[in-house]
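Residue numbers (my numbering), protein chains in the order written: chain F, 3 to 262; chain Z, 4 to 283.
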């Protein structure tokens, strides 16, 4: 699995040198095939196939993107809607394989693209914690160990055995966030800063993310807020129509983004 | 020290992936706790708000069998081995329901899951596996009423019943293979689920489940051989009736149907599974 040579690894981990690479994209392209017309039935498909009328548009979401993100960095990704930012996050989260090029990621990735994935309204908060946790790749045993911490953080001990349908949306979101961040990931993937629950809870969430950063978690942050990017990120990349237009120090990248 | 820590971290390299059918298998094994959670969710939520709860799973085929026995046992009285019609029909229904429910359920599971696959990584085969796991739990539960009916109607409980895991395993393999093929189709075409329900009804009546195969004229009976579910059913009923594992021809036909269907299903599903996340 690990295709870096031993000497490369040593060089990366060498004392005083730059931190080892956490994420590396090598000339990565993602191409979606979008059917020109939605074909919803087998009958329609068969007819069109016979008439040779099944047409697809190719849509290149990312083009030859190369990036290297090092351990402990908070890396921002900026750009207009449809520039390929979310696609890039999906590549790193392993949700999407690249059409061309290579994606290399070292460490456990926690994608915060969907909180409370798979939550079921009829199950209790407790049951949902286990379901959601195993969906995120944890073992049952690990979830048992993390459970108290999760209920503490979400402040939901009083309702933990009530069905989820009785929860307010804020409570549900708190539970989802608590599960997603119960264990410090090596790489945290954030698509826009989440506004979960009330102000006090939002502060708690921010504190937890800062705590992760302090402990060496690499963060990939997609945001439309330049203020936030400038404030949070060491480095940033500007994506435009699927290609990297600028990468480097956050303030300089933002400058070029505004200049365009 | 730091280097050692880095080495212990999991590495994902899109350029160093194994063959899809191997990769998916090991991913499924890593996510086995999720599989258990999803099956538990299905069992729990199905009966969460009903008084009888899990008992329904056992009552369902039983009630159906009672109706069928009332209607058909009179009609089929002429065939002599039919003194145990109730057990015959119940055993058939249990296997058929297992197959029909697992495959139908797999489609709706993947439709639900394909939304999820845009947001988190989960092994794609887990949805068909969930349907299979849920079906297996229901199948095992419905063996309880089968045993009860056997005792009541005086069908002897022979040691050959210990052969039952063989037909159950083979039917499960066949159902999983079909589930993988059908569920991927269902994601692409909205009408597959409905078409399949119609197909299932026709298929059920073409299979000797509620009627004995002897009512079909001899010159047409060979047609049953083309039906995989016929062999799987025979294999399931033999330990109950004949008191032995079915004949070598039935075993071979059932095993071949199971292995080939699962291999084809697994191979085609895993090869194209990446496309599921690409659908926009």
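Cβ coordinates follow ideal geometry from the N, Cα and C atoms, glycine included.
These figures come from a predicted structure and were not determined experimentally.
Per DSSP, what kind of secondary structure is residue i in: helix, strand or coil?
i	result
residue 169 of chain F	coil
residue 131 of chain F	helix
residue 178 of chain F	helix
residue 61 of chain F	strand
residue 238 of chain F	strand
residue 103 of chain F	strand
residue 21 of chain F	coil
residue 254 of chain Z	helix
residue 132 of chain Z	helix
residue 229 of chain F	helix
residue 22 of chain Z	coil
residue 277 of chain Z	helix
residue 230 of chain Z	coil
residue 139 of chain F	coil
residue 51 of chain Z	coil
Could you name the residues of the same chain whose beta carbon sits closer than 6 Å to that of residue i, not counting the 5 residues immediately before and after it, in chain order?
i	result
residue 41 of chain F	47
residue 138 of chain F	none
residue 273 of chain Z	23, 24, 27
residue 86 of chain F	63, 64, 241, 244
residue 128 of chain Z	27, 31
residue 228 of chain F	256
Going by the CB atoms, is the gap between residue j and residue i shorter than 9 Å?
i	j	result
residue 181 of chain F	residue 118 of chain F	yes
residue 126 of chain Z	residue 31 of chain Z	yes
residue 109 of chain F	residue 75 of chain F	no
residue 77 of chain F	residue 222 of chain F	yes
residue 90 of chain Z	residue 153 of chain Z	yes
residue 103 of chain Z	residue 239 of chain Z	no
residue 261 of chain Z	residue 180 of chain Z	yes
residue 113 of chain F	residue 280 of chain Z	no
residue 158 of chain F	residue 176 of chain F	yes
residue 167 of chain Z	residue 242 of chain Z	yes
Near residue i, what residues of its chain come up, given a Cβ to Cβ distance below 8 Å and the 5 sequence neighbours on each side ignored?
i	result
residue 29 of chain F	66, 67, 68, 102, 103, 104
residue 195 of chain Z	110, 185, 188, 189
residue 253 of chain F	232
residue 163 of chain F	126, 127, 128
residue 219 of chain F	74, 186, 187, 188, 189, 190
residue 39 of chain F	57
residue 42 of chain Z	133, 136, 137, 140
residue 176 of chain Z	261, 262, 264, 265
Residue i versus chain C: which residues are under 7 Å apart at the beta carbon?
i	result
residue 124 of chain Z	No chain C appears in this structure, whose protein chains are F and Z.
Short of 7 Å in beta carbon distance, which residues of its chain neighbour residue i, apart from the five on each side in sequence? Order them along the chain.
i	result
residue 96 of chain Z	64, 67, 68, 212
residue 230 of chain Z	209, 210
residue 120 of chain F	133, 134, 137
residue 87 of chain Z	156, 158
Just list the residues that DSSP pairs residue i with in beta bridges.
i	result
residue 28 of chain F	F/104
residue 251 of chain F	F/237
residue 191 of chain F	F/113, F/222
residue 16 of chain Z	F/106
residue 36 of chain F	F/59
residue 126 of chain F	F/165
residue 246 of chain F	F/241
4-residue-minimum alpha helix (DSSP H) runs that sit fully inside the region 66 to 122 of chain Z, ordered along the chain: 88 to 119
Complete runs of the alpha helix (DSSP H) confined to the region 60 to 99 of chain F [at least 4 residues]: 87 to 94
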